[in-house]
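**Q** The sequence shown: position 61 = 60 (numbering that gives the first Met the number 0), numbered continuously.
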Amino acid sequence: MTASPLPGSGPLEAAITELAGTPNHSSRMEQRFLRIATLTVERVAAARYASVTALRGRAYVTVAVNDDLIRSVDDAQYADSAGPCLDALVTGAPVGVPDIDTSVQWPGFHEAAPRMGLHASVSVPLFAGSGEAVATLNVYSHDRAAMAPLIFGICSVHEQLTLQAGEETALPELDAGGRELVDGYAAALAIRAAIRLAIELIKTDNRCGPEDAYLSLCIQAAEAGTDLGEAAAAVISRR
């Protein structure tokens, strides 16, 4: 199956978009997670470290990092069963932490992150072909001021595209990499919405449950040689 990032999109935006159209069972998931974490630090000016959290069985684990040093911050959250990376994965909504020094609701995170000189973070849900959050991208920074526009941009896009928050909010100035991350998240939300609608249409047409409808969409994508986002768009266009 071939993924279809938007023409002219940067590599980070493309990587997030490709993941959104990838079937959950794909053997390339771990590779895609690592690419997203690596590109985040390479391209987002405020990012010092990036990791990806996923649920494996009944345990939260870090499945990709740009630097192994950041694992201690993730591990502190897993040990407490509390932290922004877990909240983002459970709720499917981004969690911005503009000032880690005040994040006392997550004790382990509150202690571990400052020891590494980290002062701000944002955890962003990563979506795959089922339309559900399969992981979170955790972006950690030394610089509160530099992270503020990124946190605002990610959270604003989420509100506009998932909560129907009315008038579009003007986004702050972002560096090129920050814009890629925000645009990639927006594109992933749009793909998720299309996949969910396509699954509902297939459920109605085939009189089946959501799992069978999702499998049908995967089969259609495989037969057409496209990703799930394109397959969903094709289903919708036939209505």
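Built from N, CA and C at the ideal position, the CB exists for glycine as well.
These numbers were taken from a predicted model, which means no experiment stands behind them.
Could you tell me the distance, in whole angstroms, from the CA atom of Leu-228 to the CA atom of Gly-183?
**A** It is Gly, not Leu, that sits at residue 228 in the sequence shown. Their backbone Cα atoms lie some 14 Å apart in a straight line.
**Q** Please state whether the Cβ-Cβ distance between Ile-194 and Gly-152 is less than 8 Å.
**A** Not in contact: Ile-194 and Gly-152 (Cβ atoms no closer than 8 Å).
**Q** Under 8 Å: do the stretch 207-214 and the stretch 39-52 share three or more Cβ pairs, one atom per stretch?
**A** no
**Q** Below 8 Å on the Cβ atoms is my guess for Ile-201 versus Leu-216; work out the distance and round it to an integer in Å.
**A** 6 Å
**Q** Leaving aside the five residues before and after Tyr-59 along the sequence, list all residues of the same chain whose C-beta is less than 7 Å from its C-beta, in chain order.
**A** Thr-52, Tyr-77 and Leu-85
**Q** Exposed or buried, Val-103, counting other C-beta atoms within 10 Å across all chains shown (16 or more means buried)?
**A** exposed
**Q** The alpha helix (DSSP H) that contains Ser-71, what's its start and end?
**A** 70-79
**Q** Going by Cα to Cα distance, which pick from Val-62, Thr-39 and Leu-54 is closest to Gln-30?
**A** Val-62
**Q** Just curious, the beta strand (DSSP E) that Thr-90 is in, first and last residue?
**A** First-last for Thr-90: 83-90, but that is the alpha helix (DSSP H), not the beta strand (DSSP E).
**Q** Could you tell me which residues DSSP puts in a beta bridge with Thr-135?
**A** BP columns for Thr-135 point to Thr-52 and Pro-124.
**Q** Under 8 Å between the Cβ atoms of Ala-49 and Asn-65?
**A** yes
**Q** Under 7 Å Cβ to Cβ from Gly-176, same chain only, skipping five residues before and after it: list those, please.
**A** Leu-11, Arg-42, Val-43 and Ala-44
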